[in-house]
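Asker: Each residue of the sequence shown is one higher than the one before, starting from 1 at the first, in the numbering used here. Even for Gly, the Cβ is constructed at its ideal location relative to N, Cα and C. Only a predicted model underlies this, so the values are computations on that prediction, with no experimental measurement involved.
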Amino acid sequence: MNSARMLAFAVLAAAALPVAAATHTVTIEGMKFVPETLTVKKGDRIVWNNRDVVPHTATAKGAFDSRSIAAGKRWSHVARKAGRHAYVCTFHPGMKATLVVQ
Ligand SMILES: [Cu+2]
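Put into C-alpha cells, the structure is as follows:
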C-alpha cells in the first residue's frame with residue numbers, strides 16, 4: 001500500500017468510528033449549579049464537582065440521583081435518557097438546574 005492509499009484508508013477507518021463521548025463538568029459552588037443549564041449528547045459523561053463546604057445532591061426524579069455528594073467530592077453520571085431533566089439538590093430545594101440530553 002502506498003502512503004496516499006494508506007492515508008485514505010486511515011481517514012475512512014476513523015470516520016467509521018463512533019464519535020467519542022464528551023465529559024462535561026457542573027461546578028457546585030455558592031449554593032448554585034454552574035452552568036444552570038447544560039446541554040449534552042446521549043452517552044456523554046457529566047461530572048458534578050462540589051466545591052462548597054456542605055454536601056449537595058443532583059437529583060432529577062426518574063432520571064438520575066447522585067445522593068449526597070460530600071464537600072470537595074465529585075459525582076459522575078453518563079447521560080442515557082434523552083430529554084430535558086430539571087434537577088434539584090434535595091438538601092436545598094432552592095438549588096435548581098437543568099440537564100438537557102439530546
Ligand atoms: Cu445542596
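CA-CA distance, residue 90 and residue 65?
Answerer: Each residue's Cα considered, the two are about 10 Å apart.
Asker: Please report how far the alpha carbon of residue 39 lies from the alpha carbon of residue 27, in whole angstroms.
Answerer: Straight-line Cα distance between these residues: approximately 15 Å.
Asker: When burial is assigned at 16 or more other CB atoms within 10 Å of the CB, is residue 37 buried or exposed?
Answerer: When all chains shown are included, residue 37 counts as exposed.
Asker: Can we count residue 56 as close to ligand 1, meaning its CB is less than 6 Å from some heavy atom?
Answerer: Checking the Cβ of residue 56 against ligand 1 gives yes.
Asker: With a Cβ-Cβ cutoff of 7 Å, do residue 63 and residue 81 count as a contact?
Answerer: Their beta carbons are under 7 Å apart, which means residue 63 touches residue 81 by this criterion.
Asker: Only counting the same chain, and skipping five residues up and downstream in sequence, which positions put a Cβ closer than 6 Å to that of residue 20?
Answerer: Once the five neighbours on either side are set aside, residue 20 has no close Cβ partner at all.
Asker: Is residue 33 close to ligand 1? I mean its beta-carbon at under 6 Å from any heavy atom of the ligand.
Answerer: Checking the Cβ of residue 33 against ligand 1 gives no.
Asker: Please report the Cβ distance between residue 55 and residue 79, rounded to the nearest whole angstrom; I am assuming they are in contact, meaning their Cβ atoms lie under 8 Å.
Answerer: About 23 Å; that fails the 8 Å criterion.
Asker: Just curious, the beta strand (DSSP E) that residue 33 is in, first and last residue?
Answerer: 32-34 is the extent of the beta strand (DSSP E) around residue 33.
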